[in-house]
Amino acid sequence: MFLGTHTPRLDDKGRLILPAKFRDELAGGVVITKGQERCLYVFPTPEFQRIAEQLRAQPMTHKAARAYSRVFFASAHDEVPDKQGRVTIPAHLRTYAGLERDLVVIGASTRVEIWDKVAWETYLAESEDDFADIEEGVLPGGL
């Protein structure tokens, strides 16, 4: 499970050093793709394969599943982190997420998310006030 918030920087070659506590689980390979709210999702390869199977199980006649699958798979980039735990974020994904130098990398349970630092701070400021109000709808019965 991926947990926590980290603030690495993107180097001049578009590489990110993965947080140390995530490296073991991601060492076998990752898939980076577009996420919601203009962030990037980073999945360990087995988790990406599990999601791919779920999407493949959807009928081809399901318009939303087709649309989501197209963007999800067409933007995906797979690679194995190097010995220093670095991954290269392709230019099209950096552009989509508005990534500059300062990043925020968060653990989001079964995936890692990469955010531009300013975008994350804005998202968090807008979302924190609603956090307590949405618990019941997300976790029926509460904690």
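Counting from 1, one number per residue, gives the positions in the sequence shown under full-length UniProt numbering.
For glycine and all other residues, C-beta sits at the position ideal for the given N, C-alpha and C.
Since we're looking at a predicted model, the values are computed, not measured.
Counted within 10 angstroms of its Cβ, other Cβ atoms place residue i as buried (16 or more) or exposed
i, result
"residue 154", "With the chain running from 1 to 143 in the structure shown, residue 154 is simply not present."
"GLY98", "exposed"
"ILE89", "buried"
"PRO19", "buried"
"PRO59", "exposed"
"PHE73", "exposed"
"PHE131", "exposed"
Residue(s) in a DSSP beta bridge with residue i
i, result
"GLY28", "Bridge partners of GLY28: none, in fact."
"PHE2", "SER109"
"TYR123", "Answer is none; TYR123 lacks a bridge partner."
Residue i and residue j closer than 8 angstroms at C-beta
i, j, result
"THR45", "GLY29", "yes"
"VAL87", "LEU16", "yes"
"LYS34", "TYR96", "yes"
"GLY85", "ARG23", "yes"
"ARG50", "ALA119", "no"
Whole-Å CB distance - residue i paired with residue j, under 8 angstroms assumed
i, j, result
"LEU93", "SER75", "7 angstroms"
"ARG82", "LEU103", "Note that residue 82 corresponds to Asp in the displayed sequence, not to Arg. Contact flag wrong, Cβ pair sits at about 18 angstroms."
"SER127", "MET1", "Between MET1 and SER127 the Cβ distance is about 21 angstroms, and since that is not below 8 angstroms, they are no contact."
Same chain, Cβ closer than 8 angstroms to residue i, five either side skipped, listed in chain order
i, result
"TYR68", "LEU55"
Residues of its chain near residue i, where Cβ-Cβ distance is below 6 angstroms and the 5 sequence neighbours each way are ignored
i, result
"ILE106", "THR5 and GLU113"
"PHE43", "VAL31 and ARG111"
"HIS77", "ILE32 and PRO90"
Same chain, Cβ closer than 7 angstroms to residue i, neighbours up to 5 away in sequence not counted
i, result
"PRO27", "It should be pointed out that residue 27 corresponds to Ala in this sequence rather than to Pro. Same-chain partners within the cutoff: PRO81."
"ARG101", "ARG9 and LEU10"
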